[in-house]
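What follows is a single structure, written as structure tokens, with notes after it.
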Amino acid sequence: MRVGVLALQGDVEEHEWAFRKAAEELGVSVRVVRVKRAAELKGLDALAIPGGESTTIGLLAARAGLLDALRDAILGGLPTLGTCAGAILMAKDVRDAAVGETRQPLLGVMDIAVVRNAFGRQRESFEIDLNLEGVGTLRAVFIRAPAIVRVWGGARPLAVLKHAELGEIYAAAAQRHMIATAFHPELSTPLVHRHLLALARGRA
Ligand code: GLN
Numbered sequence: 001m002r003v004g005v006l007a008l009q010g011d012v013e014e015h016e017w018a019f020r021k022a023a024e025e026l027g028v029s030v031r032v033v034r035v036k037r038a039a040e041l042k043g044l045d046a047l048a049i050p051g052g053e054s055t056t057i058g059l060l061a062a063r064a065g066l067l068d069a070l071r072d073a074i075l076g077g078l079p080t081l082g083t084c085a086g087a088i089l090m091a092k093d094v095r096d097a098a099v100g101e102t103r104q105p106l107l108g109v110m111d112i113a114v115v116r117n118a119f120g121r122q123r124e125s126f127e128i129d130l131n132l133e134g135v136g137t138l139r140a141v142f143i144r145a146p147a148i149v150r151v152w153g154g155a156r157p158l159a160v161l162k163h164a165e166l167g168e169i170y171a172a173a174a175q176r177h178m179i180a181t182a183f184h185p186e187l188s189t190p191l192v193h194r195h196l197l198a199l200a201r202g203r204a
């Protein structure tokens with residue numbers, strides 16, 4: 001299989017590691033490529049959009065002429081995992097907990113609304129064990145994480161969390177061949193990457 005990691009900014013190497021480990025566990029061979037230009041999306045079986053800074057990734061993607069190409073590829077059926085900043089980019093509706101409207105470039109491919117930086121100062125980073133419906137249980141690392149506050153249309157929540165101010169929120173959501181996680185599965189167990197590869201092979 002050929003899998004890509006969007007490599008404009010963020011934790012690209014961690015996703016490369018997670019795809020390799022996931023493939024090893026599944027007993028399939030993968031070639032992991034870095035995607036920086038539209039042409040590099042050709043022939044991919046799956047894609048990860050890393051965590052990092054969603055405004056930066058969005059602006060760099062727009063500058064590289066990648067935003068439309070990514071959107072077309074994902075909406076065309078490319079199995080895609082967006083983690084943290086990546087999940088923000090995939091959301092149709094984004095606001096920031098402190099500043100509200102962000103007007104940042106988005107892919108806007110999933111029927112989810114997210115609040116950026118939803119966990120404030122004291123809990124900027126934390127880890128919990130989390131069960132993702134249909135995927136399994138893993139250690140979830142949240143770093144200046146967004147909260148998925150609403151899902152509609154084709155999207156469904158994979159894990160519910162209680163948030164002090166926002167009430168019930170979701171740590172992850174899925175829609176057809178797309179998965180968004182507020183946390184960083186690439187920093188613990190490659191369970192979600194494994195699920196994505198299985199999806200790409202038509203076996204999940
Ligand atoms: N807070 C970042 C953003 O809004 C996301 C943080 C992360 O990806 N770890 O883009």
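Using the working numbering, the first residue of the sequence shown is number 1, and each one after it goes up by one. Note that CB positions come from ideal geometry on N, CA and C, so glycine has one too. Bear in mind the structure is a predicted one, so any value in this text is a computation, not a measurement.
Round the Cβ separation of residue i and residue j to the nearest angstrom and send it over; I've been treating them as touching at under 8 Å.
i	j	result
F219	A147	Lying outside 1 to 204, the shown extent of the chain, residue 219 is not represented and no answer is given.
G10	I57	6 Å
V94	T102	6 Å
E127	R139	6 Å
R71	L107	5 Å
H193	L81	7 Å
G153	D111	4 Å
A18	P185	7 Å
Flag this pair as yes or no: are the beta carbons of residue i and residue j separated by less than 7 Å?
i	j	result
V149	A113	yes
H177	V135	no
V32	V3	yes
E53	A85	yes
P50	V12	yes
L191	A159	no
A97	A118	yes
P79	A198	no
A7	K36	yes
T137	Q104	no
E14	L132	no
A38	A69	yes
A164	A87	no
According to DSSP, simplified to helix, strand and coil, what is residue i?
i	result
D68	helix
L158	strand
E13	helix
G51	coil
H116	As written in the sequence, residue 116 is Arg, which differs from the His given in the question. In the structure shown, R116 sits in a strand (DSSP, three-state: E or B).
A140	strand
R20	helix
A145	coil
A39	helix
G27	coil
A4	It should be pointed out that residue 4 corresponds to Gly in this sequence rather than to Ala. Reduced to three states, the DSSP call for G4 is strand.
L132	strand
Ignoring anything shorter than 3 residues, give me the beta strand (DSSP E) runs that lie fully in the region 64-109, in order along the chain. DSSP runs (the beta strand (DSSP E)) wholly in the region 64-109: 80-83, 91-96.
Whole beta strand (DSSP E) runs in the region 148-195 with 3 or more residues, listed along the chain? List check, beta strand (DSSP E) in window: 156-163, 167-175, 178-181.
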